[in-house]
Amino acid sequence: MIRPLGAIIGVVDLVGVHAAQSVARWPEQPACCDSRWAETSYAEHGGRTRRDVVHLVLENPRPLPEPIPCKGRLGLWTPPADVLAQLLADAGWERTE
Numbered sequence: 000m001i002r003p004l005g006a007i008i009g010v011v012d013l014v015g016v017h018a019a020q021s022v023a024r025w026p027e028q029p030a031c032c033d034s035r036w037a038e039t040s041y042a043e044h045g046g047r048t049r050r051d052v053v054h055l056v057l058e059n060p061r062p063l064p065e066p067i068p069c070k071g072r073l074g075l076w077t078p079p080a081d082v083l084a085q086l087l088a089d090a091g092w093e094r095t096e
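With numbering that gives the first Met the number 0, the residue at position 83 of the sequence shown is 82, and numbering never jumps.
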């Protein structure tokens, strides 16, 4: 069986977005997140260090009954119309504009 190179396997609720804060950059403020995944900077391809990082706060993860084949992208994005229709059906949602 040939498996797709990418797939949507679940959905989450996006409940917040905030700028990353590290104690080193802003000593007067505490670090914003108590998580080992909460990066405050990262090295891009080519070695440049990015420091303008934002954190997406996600809650309520829900797996889909079956993976939906879909090539992903970095950051937030809208899936193609056919994939979005299947995702909405599988997750039991109705589309609202």
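Note that the Cβ used here is the ideal one computed from N, Cα and C, for glycine as well.
- The C-beta of residue 67 has 16 or more other C-beta atoms within 10 Å across all chains shown, which makes the residue buried.
- The stretch 80-92 makes no contact with the stretch 36-55: fewer than 3 CB pairs, one atom from each, lie closer than 8 Å.
- Between residue 16 and the set 5, 58, 49, 63, the nearest pair of CA atoms involves 58.
- Closest by C-alpha distance to residue 19, out of 51, 46, 76, 47, is 51.
- Beta-bridge partners of residue 77 (DSSP): none assigned.
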